[in-house]
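Trainee: Offset between the sequence shown (1-based) and the numbering used here: plus 133.
We put the CB at the ideal spot given by N, CA and C, even for glycine.
This structure is a prediction, so every number in the text was calculated from the model and none was measured.
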Amino acid sequence: MPRSSGFEPQHPQRLAALRAYAILDTPPERAFDEIAEMAAQACGTPMAHINFIDADRQWIKAAFGHAARSMPLDFGFCTEAMREDGILVLPDLAAEPESAANPLVTGEPHLRFYAGVPLVTPDGWALGTLCVLDHEPRTLSDQQIFILKALARTVMTQLETRCAEAALRRSEERYRSLFESIDAGFCLIEMKFADGGRPVDYRFLEVNPAFAQQTGLTDVVGRWMRDLAPDHEQHWFDLYGRVARTGEPVRFEQAAAALGRWYEVHAYRVDGPVRNHVAVLFNDITERRRSELALQAREAELRLVADAMPVLIAFIDRNLVYQFANAAYETWTGHAALTVVGKTVRSLLGADAFEARRPAIEQVLAGREIRHEWAWTFPNGEARIADTRYLPRRGPDGAVDGFYVFAHDVSERKRSEILLQSRAERLEAQVAAQTRDRDRVWTLSPVLKLVSDRAGQVQSVNPSWSRALGWSEEETLGRTALDFIAPPEREAAQAALRPLCEDRRVEDVELACLTRAGEPRRVLWTVVPEDGLFYGFGRDITEQRQAEEALRQSQKLEAIGQLTGGVAHDFNNLLTIIRSSVEFLRRPDLAEERRRRYLDAVSDTVDRAAKLTGQLLAFARRQALKPQVFDICARLRSIADMLDSVTGARIRVAIDLPEAPRFVRADESQFETALINMAVNARDAMDGEGILTLHLDGDHPMPPIRGHAGAPGPFVAVRVTDTGAGIPAPDLGRIFEPFFTTKEIGKGTGLGLSQVIGFAKQSGGDIDVESAVGRGTTFSLYLPQVEAPSGAAEAGGDDRREAEPQRGLCILVVEDNVGVGRFCTQILEDLGHAPIWAKSAEEALTELDRTPDRFDVVFSDVVMPGMGGFALARQLQASRPDLPVVLTSGYSHVLAKDDAHGFALVRKPYSAEQLAQVLYESAKRRGPPSAVARYAEAEDITQD
């Protein structure tokens, strides 16, 4: 390739080409030394060398007749030779003024002759020279010049060869490193064919280290697969045999039952068709396959949840085509969800509606979240208003690939807003009219104004007083101001207004003032003493307090929304375990040990689900608690012994308890859960190291907490103190909110303290918290204190004793759910009882009227259509007091409010042993199970 004219030592591309050969500062190499020697011998010179020109120096790689060294660029004549296209010959260096002063001419080695050929890359970049030198003037023959140029090309060939060999070594090292370090399994196998060409086995010739991890097989080189895994499926041999015979590579995913795994495989033939060698690259995808199955189950659950919500939910791609729509679309558009998918927005909504939404769609596709209210016409012609949110979805590359649609019907809310706006406008008009004339402000002011003497007797009131409370001026004057305060608040009002006697003003005192009709109105008063009179200015804040209450209700709805997402997530995890275990249990060839393991997994998961529902119901204060009287001191000592396993070895658990016992009436299991939740919270706050102190005080009143009134008690106060980082002041007001957590994702659900406050409130107590950043936190759990029990433990106190194997009861099962009813009767039949199933309370009463002496016990669900189980039990208690009734429920607002309902309760989910024990104990209080015997005798008589 021709070179560009001129030579620039510092040219970046030339220097890059020089660096690519990695020749600078390398040790001597025989090949280059021999070329330098051949150049000197061919040209008849005593010296020759090969040098390369760096940015600021000349470096000699090989030298003959003199020592190799590094020289500055202005020494010698190689840079001049590199500017030539062919060869530079300087016959007599001393005869030319430009060269005569060169240090190599005037000093050692006293050069007089120089001839150099540039070393040029295939891309035309000059890297250095091959030159011959002499102490005497001389010339070169054409043959010598030809040889010198050929040797220069040989130097470049040697450089290229050297680079290629280095690249080959690096490539081999990379491939060997890749072979040794890749996570994917690799093996080279030799196929074995039977007569007729049928593949029957293969032998391992080579495997990489990941092979054993991917297959579980070790020491396989040289061994046959049939020996290693006799049950290995034939289709694997057929696939590899076809690759060996045809040479066609294959990619596939397939299960290897003998190895208990799924694999993604790429197999191809190597070493030609004769050797029957196949290279196999594979990955264990067992976990991915399990995840895919679990994902399918989760997607089905999410579809079920989305379809159950009365909100439009959809996903639309960048082409404005629906890719997902929930069942609500049929109500809103008249099109089923499956028919909506695949339609464009324009075709579904119509041209006018689409054009109205086009600007918002363009903005959301640009990455902005949009919220707008649009008019919507239902298929029945009804006009509605939809509060619609567009949320952009971003793909893995960060680009918006579509957007989600969430639409709520807010028609009723809009009507209320219009009404409120209308009322507000009327009120503003009234205020404007009252402020036109400032000299009549007393008459027209909306503020309640009252003037009294120091004894509290009213001297005058403004018209706003009469407008707000209905009392005319004549009815008010002469009476004391306290007469118009609601009786329950008069004592507090006197205390709040006492500073007036010291001529100090009182501000922002909220009192309930009675209207003429006897209704309370909340009024915020400021009272100023002046000239022996008290001037009171009151602002009616009744509507404000009502609005604040409405806001609290909306916040509760927001919390319910958060609970919905959390419950869906946790229960999907539990259902995944149950579903996967059941699928494996259906396999006929499942080993007994694994069958027991999956059965245990299902049982454990049911317990975890029951615990989760218990925590949620405790948060909602709707948990059907099982209160009992117990010594809280003894309970705390027992829990402290096991907290070490919860907090870890670096946290010391200290207890400070009174010597005398203290008794409370509460659900012992929920108390333990609450205490463990507080201990886990403390552990995380201390980052695994510190002191956790459990302290108990008894016979104390409960102070006001978070604006709620206190109570005289007595109460016990369980204080859990840690030495952790403390809670920032802005977070103190939110720590008991559901799903509020300051922990990282995956390390906290935010339900722990919600369970604690739910348990405390439902048990008649409360919880308080004191914290300072850097100095730790103290949680104080208040529970009502009771007297020590005089007799034996309360009924139901021991739920863990083994069921007594009693049989022969005739049981009336009342259950409206078909699946539960069938399962329950089957359990009772398997236990040897005689169950009769009634699908409602009304049907149960009919059955009892028809055969009044037949049954030993009634087992009824609580929540049923029509008459519920609680009402049925009350009626039977009145009409058949000798017939025991056992109730069962996972949740009931009646049972949650009345834990002293007087009936035995089996909480769902229950085991067969628990059910048998409760039914037997209830029937035993009635007497021997005679009904079954009577009916058996009757049947014998009939048969005779």
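1) At what residue ranges does the stretch 526-600 contain a whole run of the beta strand (DSSP E), taking only runs of 3 or more?
2) So if DSSP puts Leu1080 in a beta bridge, which residue, or which two residues, is it bridged to?
3) I think Val411 touches Ala377, with their Cβ atoms under 8 Å apart; what is that distance to the nearest whole Å?
4) Tell me whether Asp586 is buried or exposed, calling it buried when 16 or more other Cβ atoms sit within 10 Å of its Cβ.
5) Please report the distance separating the alpha-carbon of Arg303 from that of Arg202.
6) Tell me whether Asn452 is buried or exposed, calling it buried when 16 or more other Cβ atoms sit within 10 Å of its Cβ.
7) For the stretch 468-483 against the stretch 444-459, are there 3 or more C-beta pairs whose distance is under 8 Å?
8) Taking its Cβ as the centre, do 16 or more other Cβ atoms sit within 10 Å of Ile900, making it buried, or is it exposed?
9) Ser232 lies in the alpha helix (DSSP H); which residues open and close that run?
10) Would you grab the beta carbon distance between Ala1004 and Val991 for me? Rounded to a whole angstrom, and I think it's under 8 Å.
11) The beta strand (DSSP E) that contains Ile809, what's its start and end?
12) Spell out a yes or no on whether the stretch 1036-1048 and the stretch 1013-1021 are touching, meaning 3 or more CB-CB pairs, one atom from each, closer than 8 Å.
13) Which first and last residues belong to the alpha helix (DSSP H) in which Ile81 is found?
14) Using beta-carbon positions only, say whether Phe667 and Leu633 come within less than 7 Å of one another.
15) Alpha carbon to alpha carbon, how far is Ala928 from Ile824?
16) Less than 7 Å between C-beta atoms, sequence neighbours within five positions excluded: which residues of the same chain meet that for Ile772?
17) Looking only at C-alpha atoms, which of Ala588, Ala565, Leu583, Val584 sits nearest to Leu577?
18) Can you tell me where the alpha helix (DSSP H) holding Gly1002 begins and where it ends?
19) Can you tell which of Ala650, Gln590, Val642, Gly611 has its C-alpha closest to the C-alpha of Arg600?
20) Restricting to Cα atoms, I'd like to know which of Asp820, Ala967, Val996 is closest to Leu1052.
21) Name the one or two DSSP bridge partners that Asp334 has.
22) Any idea what DSSP makes of Leu435, helix, strand or coil?
23) Could you give the distance in angstroms between the alpha-carbon of Arg436 and the alpha-carbon of Asp733?
24) May I ask which residues mark the beginning and end of the alpha helix (DSSP H) holding Trp369?
25) Looking at Thr910 and Ile868, is the spacing between their C-beta atoms short of 7 Å?
26) Below 8 Å on the Cβ atoms is my guess for Asn341 versus Gly318; work out the distance and round it to an integer in Å.
27) From Leu945 to Ile969, what does the alpha carbon distance come to, in whole angstroms?
28) Would you decide whether Ser1022 is buried or exposed? Buried here means 16 or more other CB atoms lie within 10 Å of its CB.
29) Can you give me the C-alpha to C-alpha distance between Tyr247 and Pro224, rounded to a whole angstrom?
30) Can the beta-carbon of Met215 be found closer than 7 Å to that of Pro270?
31) Just to confirm, are Pro847 and Gln918 a CB contact at a threshold of 7 Å?
32) Put Asp485 into one of helix, strand or coil per three-state DSSP.
33) Are there 16 or more other CB atoms within 10 angstroms of the CB of Thr262, so buried, or fewer, so exposed?
34) For Val813 and Ile784, I'd like the C-alpha separation in whole angstroms.
35) Going by beta carbon distance, what residues of the same chain come within less than 6 Å of Gly500, once the five residues before and after it are set aside?
36) Helix, strand or coil: how does DSSP classify Val953 here?
Mentor: The relevant details are as follows:
1) Entirely contained in the stretch 526-600, the beta strand (DSSP E) runs reaching 3 residues are, in chain order, 533-542, 581-586, 591-594.
2) Nothing can be reported for residue 1080: it is not among the residues displayed for the chain, which extend from 134 to 1077.
3) By 1-based counting over the sequence shown, the position of residue 411 is 278. By 1-based counting over the sequence shown, the position of residue 377 is 244. Beta-carbon to beta-carbon, Val411 and Ala377 are separated by about 5 Å, close enough to satisfy the 8 Å threshold.
4) Reading the sequence shown from its first residue, position 453 is the one you call residue 586. By the 10 Å Cβ count, Asp586 comes out exposed.
5) Reading the sequence shown from its first residue, position 170 is the one you call residue 303. Reading the sequence shown from its first residue, position 69 is the one you call residue 202. Each residue's Cα considered, the two are about 30 Å apart.
6) Stepping through the sequence shown from its first residue, residue 452 is reached at position 319. With fewer than 16 Cβ atoms within 10 Å of its Cβ, Asn452 is classed as exposed.
7) Because the criterion of three Cβ pairs below 8 Å is met, the stretch 468-483 and the stretch 444-459 touch.
8) Against the sequence shown, residue 900 aligns to sequence position 767. So Ile900 ends up on the buried side.
9) Translated into the one-based positions of the sequence shown, residue 232 becomes position 99. Element bounds for Ser232: 230-233.
10) As a position in the sequence shown, residue 1004 is number 871, starting the count at 1. As a position in the sequence shown, residue 991 is number 858, starting the count at 1. Actually they do not touch by this definition, with Cβ atoms about 13 Å apart.
11) In the sequence shown, residue 809 corresponds to position 676, counting from 1. Looking at the DSSP string, Ile809 is not in any beta strand (DSSP E); the run it does join, the alpha helix (DSSP H), is 801-818.
12) Judged by Cβ distances under 8 Å, the stretch 1036-1048 makes contact with the stretch 1013-1021, as three or more pairs qualify.
13) Only positions 134 to 1077 of the chain appear in this structure, which leaves residue 81 out of reach.
14) For the purposes of this step, residue 667 is taken as residue 534 along the sequence shown, with counting starting at 1. For the purposes of this step, residue 633 is taken as residue 500 along the sequence shown, with counting starting at 1. Their beta carbons are under 7 Å apart, which means Phe667 touches Leu633 by this criterion.
15) Taking the sequence shown and counting its residues from 1, the one referred to as residue 928 is at position 795. Taking the sequence shown and counting its residues from 1, the one referred to as residue 824 is at position 691. Caution applies to Ala928, whose pLDDT of 37 falls short of 50 and renders its modelled position unreliable; the value that the coordinates give is listed next. For Ala928 and Ile824, the distance between alpha carbons rounds to 38 Å.
16) On the sequence shown, residue 772 is found 639 positions in, with the first residue counted as 1. Residues Glu805, Leu808 of the same chain have their beta carbon placed closer than 7 Å to that of Ile772, with the five preceding and five following residues left out of the count.
17) In the sequence shown, residue 577 corresponds to position 444, counting from 1. With distances taken between Cα atoms, Leu577 lies closest to Ala565.
18) In the sequence shown, residue 1002 corresponds to position 869, counting from 1. For Gly1002, the enclosing alpha helix (DSSP H) covers residues 1002-1012.
19) Here residue 600 refers to the residue found at position 467 of the sequence shown. Its Cα nearest to that of Arg600, the residue Ala650 stands out among Ala650, Gln590, Val642, Gly611.
20) By 1-based counting over the sequence shown, the position of residue 1052 is 919. Cα-wise, what sits closest to Leu1052 is Ala967.
21) Start at 1 with the first residue of the sequence shown, and residue 334 comes out as number 201. Asp334 pairs with Lys325.
22) Within the sequence shown, numbered from 1, the residue matching residue 435 stands at position 302. Residue state, collapsed to three classes: helix.
23) Position 303 of the sequence shown, counting from 1, holds the residue named residue 436. Position 600 of the sequence shown, counting from 1, holds the residue named residue 733. Rounded to the nearest whole angstrom, the C-alpha separation of Arg436 and Asp733 is 29 Å.
24) Position 236 of the sequence shown, counting from 1, holds the residue named residue 369. Trp369 -> alpha helix (DSSP H) spans 367-379.
25) As a first step, residue 868 is located in the sequence shown; it is residue number 735 there, counting from the start. As a first step, residue 910 is located in the sequence shown; it is residue number 777 there, counting from the start. Their beta carbons are not under 7 Å apart, which means Ile868 does not touch Thr910 by this criterion.
26) For the purposes of this step, residue 341 is identified with residue 208 of the sequence shown, where counting begins at 1. For the purposes of this step, residue 318 is identified with residue 185 of the sequence shown, where counting begins at 1. Right, the Cβ-Cβ distance comes to about 7 Å (below 8 Å), so this counts as a contact.
27) As a position in the sequence shown, residue 945 is number 812, starting the count at 1. As a position in the sequence shown, residue 969 is number 836, starting the count at 1. Going from the Cα of Leu945 to the Cα of Ile969 covers about 5 Å.
28) Indexing the sequence shown from 1 puts residue 1022 at position 889. Per the 10 Å Cβ criterion, buried.
29) Looking up residue 247 in the sequence shown gives position 114. Looking up residue 224 in the sequence shown gives position 91. Here the alpha carbons of Pro224 and Tyr247 stand approximately 7 Å from one another.
30) Working through the sequence shown from its first residue, we reach residue 215 at position 82. Working through the sequence shown from its first residue, we reach residue 270 at position 137. No. Outside cutoff.
31) Position 714 of the sequence shown holds residue 847. Position 785 of the sequence shown holds residue 918. Cβ distance < 7 Å, so Pro847 and Gln918 count as in contact.
32) Your numbering for residue 485 matches position 352 in the sequence shown. Per DSSP, reduced to three states, the secondary structure at Asp485 is helical.
33) Within the sequence shown, residue 262 is the residue found at index 129, counting from 1. With a 10 Å radius around the Cβ and a threshold of 16 neighbouring Cβ atoms, Thr262 comes out buried.
34) As a working note, residue 813 is residue 680 in the sequence shown. As a working note, residue 784 is residue 651 in the sequence shown. If I take the Cα positions, the gap works out to 11 Å.
35) Taking the sequence shown and counting its residues from 1, one reaches residue 500 at position 367. Here the set comprises Pro525, Val533.
36) Residue numbering aside, residue 953 sits at position 820 when the sequence shown is read from its first letter. Under the three-state reduction of DSSP, Val953 is assigned to helix.
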